[in-house]
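Peer 1: Numbered per the numbering used here, the sequence shown spans residues 42 to 381. Note that beta-carbon positions come from the ideal geometry of N, C-alpha and C, so glycine has one too. Before we start, here is the structure in question, set down as structure tokens.
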Amino acid sequence: MVVNPSGVDVARLPATTLAGWRQYVDLDAPTFDLLPRAQYDALPEDARLAYDEHRSHYHSRMVVVETSTVRQVTRQARLLLHVNKQETGARRGLIVSGQAATGKTTSLMELGKTHEAMVRRRYPDDASRIPVVYLSAPPKGSAKKLATEFANFLGHPASGRENVVDIANRVCRLLIDARTDLVLVDEIHNLNLATSAGEEMSDHLKYFADHIPATFVYAGIDVEALLFNGIRGRQIAGRYTTLRTAPFPRSDEWKGLVAIFDESLRLYDHAAGSLLPLSDYLHDRTGGSISSLSHLLRAAAILAMLPGGPEAVTRDVLDDVILDHAAETVASPRGKRHAV
Numbered sequence: 042m043v044v045n046p047s048g049v050d051v052a053r054l055p056a057t058t059l060a061g062w063r064q065y066v067d068l069d070a071p072t073f074d075l076l077p078r079a080q081y082d083a084l085p086e087d088a089r090l091a092y093d094e095h096r097s098h099y100h101s102r103m104v105v106v107e108t109s110t111v112r113q114v115t116r117q118a119r120l121l122l123h124v125n126k127q128e129t130g131a132r133r134g135l136i137v138s139g140q141a142a143t144g145k146t147t148s149l150m151e152l153g154k155t156h157e158a159m160v161r162r163r164y165p166d167d168a169s170r171i172p173v174v175y176l177s178a179p180p181k182g183s184a185k186k187l188a189t190e191f192a193n194f195l196g197h198p199a200s201g202r203e204n205v206v207d208i209a210n211r212v213c214r215l216l217i218d219a220r221t222d223l224v225l226v227d228e229i230h231n232l233n234l235a236t237s238a239g240e241e242m243s244d245h246l247k248y249f250a251d252h253i254p255a256t257f258v259y260a261g262i263d264v265e266a267l268l269f270n271g272i273r274g275r276q277i278a279g280r281y282t283t284l285r286t287a288p289f290p291r292s293d294e295w296k297g298l299v300a301i302f303d304e305s306l307r308l309y310d311h312a313a314g315s316l317l318p319l320s321d322y323l324h325d326r327t328g329g330s331i332s333s334l335s336h337l338l339r340a341a342a343i344l345a346m347l348p349g350g351p352e353a354v355t356r357d358v359l360d361d362v363i364l365d366h367a368a369e370t371v372a373s374p375r376g377k378r379h380a381v
């Protein structure tokens, strides 16, 4: 569930559907204003529980940080959108590749959100436009599964009678009519050119890219070894710019990310800026992963506001949060949690 600005719960639809994508684009950044402490303490128990439930929802989303990775992906993709405007042949695309939990999906979705918002401002009265398509490459996929993902996003699911060519041609017509100009494909590491199914999927992605006047942006885990081999791989390598994502180093940007999260906390006893002295510890805990940092601080904020909690994100509260296996494995000795 997600809380809209009025504090009312609304169902969160998958962004790989048109309705879910539009909901994601329309969703404002979460906000929450703390009641004065005396007023909060005076709330009846039921009212306080409801208030804290909304506060917990706020912390579960908190903030999407515009990192240098997000800015770079958006900048390069916007450049390609302009370059591709008058292209009638092989259009240029972008691949975002890197380790897990380094901000690839967030960068992809924020790119799409930014682009769709710009198109809506330019064409405010054209509800028929679908500027952005967002989908995930199907695991162990086939060309038909891929075409079906496109059709499902558009709300025009394939019938049992259609073959892959029928679906692909219908999808192309729909996207051309909708003036789609940005196609985002996440989890592209599911496309393995070493398999016949992967080759088929690759051929159909190329078919879509050739027949839809749109810029294609892919994101996946360390995809170079999977996508750039053989004849098909050389074609992809010749058309696509590659951006690498990586864990953040111990740097001023890392401290800035911690500061943004610190400012977003809505806890009664959390002193502003008190996370900054913990920047090195947070880096040791997460290995510089923005995904792990976001999870750690959101979980710690919720833990801090539970009954009996300190209403502040402290080292002890942070130590109580168990991170994903990858983060716990790479954590340096200085970042290891206290023994339990």
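I need the straight-line Cα distance from S148 to S332, nearest angstrom please.
Peer 2: Within the sequence shown, the letter at position 107 stands for residue 148. Within the sequence shown, the letter at position 291 stands for residue 332. Spanning the two alpha carbons is a distance of roughly 12 Å.
Peer 1: Let me know if S138 comes out buried or exposed under the rule of 16 or more other beta-carbons within 10 Å of its beta-carbon.
Peer 2: On the sequence shown, position 97 is the one that residue 138 refers to. So S138 counts as buried.
Peer 1: So, for L308: in the same chain, excluding its five sequence neighbours on each side, which residues have a beta-carbon less than 8 Å away from its beta-carbon?
Peer 2: The residue you call residue 308 lines up with position 267 of the sequence shown. These residues qualify, in order along the chain: A342, A345, M346, E352, A353, V354.
Peer 1: Using only alpha-carbon positions, find the residue among L68, V358, H252, S243 that is nearest to G269.
Peer 2: Position 228 of the sequence shown holds residue 269. Reading the sequence as shown, one finds Phe at residue 269 and not Gly. Residue S243 is the option with its Cα nearest to F269.
Peer 1: With a Cβ-Cβ cutoff of 8 Å, do F194 and V174 count as a contact?
Peer 2: As a first step, residue 194 must be located in the sequence shown, where it is residue number 153. As a first step, residue 174 must be located in the sequence shown, where it is residue number 133. Yes.
Peer 1: Does DSSP classify G328 as helix, strand or coil?
Peer 2: As a first step, residue 328 must be located in the sequence shown, where it is residue number 287. The answer is coil: DSSP assigns G328 none of H, G, I, E or B.
Peer 1: Taking the beta strand (DSSP E) that P262 falls in, what are its first and last residues?
Peer 2: Along the sequence shown, read from residue 1 onward, the residue named residue 262 stands at position 221. Sequence inspection shows Ile at residue 262; the Pro mentioned does not correspond to that position. Start and end: 256–262.
Peer 1: So, are the CB atoms of Q140 and A287 less than 8 Å apart?
Peer 2: Position 99 of the sequence shown, counted from the start, is the residue given in the question as residue 140. Position 246 of the sequence shown, counted from the start, is the residue given in the question as residue 287. The answer is yes: Cβ separation under 8 Å.
Peer 1: Should V264 and H230 be called a contact, given that it needs their Cβ atoms to be closer than 8 Å?
Peer 2: Residue 264 sits at position 223 when you count from the first residue of the sequence shown. Residue 230 sits at position 189 when you count from the first residue of the sequence shown. Yes, the pair counts as a contact, with Cβ atoms nearer than the cut-off.
Peer 1: Please state whether DSSP places T282 in a helix, a strand or coil.
Peer 2: By one-based count along the sequence shown, residue 282 stands at place 241. Looking at T282 - three-state DSSP - the assignment turns out to be strand.
Peer 1: Decide if A56 is buried, meaning its Cβ has at least 16 other Cβ atoms within 10 Å, or exposed.
Peer 2: Here residue 56 corresponds to residue number 15 of the sequence shown, with the count starting at 1. That one is buried.
Peer 1: Just to confirm, are L68 and T115 a CB contact at a threshold of 8 Å?
Peer 2: Sequence index remark: in the sequence shown, residue 68 carries index 27 (1-based). Sequence index remark: in the sequence shown, residue 115 carries index 74 (1-based). Their beta carbons are not under 8 Å apart, which means L68 does not touch T115 by this criterion.
Peer 1: Rounding to the nearest angstrom, what Cα-Cα distance links H197 and T189 in this structure?
Peer 2: For the purposes of this step, residue 197 is taken as residue 156 along the sequence shown, with counting starting at 1. For the purposes of this step, residue 189 is taken as residue 148 along the sequence shown, with counting starting at 1. Their Cα atoms are separated by approximately 9 Å.
Peer 1: Kindly give me the distance between the Cβ atoms of Q117 and T282, rounded to whole angstroms, as I take these residues to be in contact under 8 Å.
Peer 2: Indexing the sequence shown from 1 puts residue 117 at position 76. Indexing the sequence shown from 1 puts residue 282 at position 241. About 6 Å separates the two Cβ atoms, so the contact holds.
Peer 1: Just the C-alpha distance for A60 and A88, rounded to the nearest angstrom, thanks.
Peer 2: In the sequence shown, counting from the first residue as 1, residue 60 sits at position 19. In the sequence shown, counting from the first residue as 1, residue 88 sits at position 47. C-alpha separation (whole angstroms): 33 Å.
Peer 1: Using 8 Å as the Cβ pair cut-off and three pairs as the minimum, do the segment 243–258 and the segment 128–137 touch?
Peer 2: Yes, the segment 243–258 is in contact with the segment 128–137.
Peer 1: Please specify which runs of the beta strand (DSSP E), each continuous and at least 3 residues long, are wholly inside the segment 176–253, giving them in chain order.
Peer 2: Segments of the beta strand (DSSP E) lying fully in the segment 176–253: 223–227.
Peer 1: Who pairs with V137 in a beta bridge, going by DSSP?
Peer 2: Position 96 of the sequence shown, counting from 1, holds the residue named residue 137. For V137, which the question treats as bridged, DSSP gives the partners A260, L284.
Peer 1: Is DSSP giving V354 helix, strand or coil here?
Peer 2: On the sequence shown, position 313 is the one that residue 354 refers to. Three-state result, V354: coil.
Peer 1: Decide if H366 is buried, meaning its Cβ has at least 16 other Cβ atoms within 10 Å, or exposed.
Peer 2: Here the question's residue 366 lines up with position 325 in the sequence shown. It counts as exposed.
Peer 1: With DSSP run on the structure shown, which of helix, strand or coil describes V160?
Peer 2: Your numbering for residue 160 matches position 119 in the sequence shown. Reduced to three states, the DSSP call for V160 is helix.
Peer 1: In whole angstroms, what separates the C-alpha of H245 from that of G271?
Peer 2: Residue numbering aside, residue 245 sits at position 204 when the sequence shown is read from its first letter. Residue numbering aside, residue 271 sits at position 230 when the sequence shown is read from its first letter. The alpha-carbon atoms of H245 and G271 are separated by roughly 16 Å.
Peer 1: What did DSSP end up calling V124 once you bin it into helix, strand or coil?
Peer 2: Locating residue 124 in the sequence shown gives position 83, where the first residue counts as 1. Looking at V124 - three-state DSSP - the assignment turns out to be helix.
Peer 1: According to DSSP, simplified to helix, strand and coil, what is M42?
Peer 2: Along the sequence shown, read from residue 1 onward, the residue named residue 42 stands at position 1. Only weak support is given to the placement of M42: the predicted model assigns it a pLDDT of 30, under 50, and the question is left unresolved by the model.
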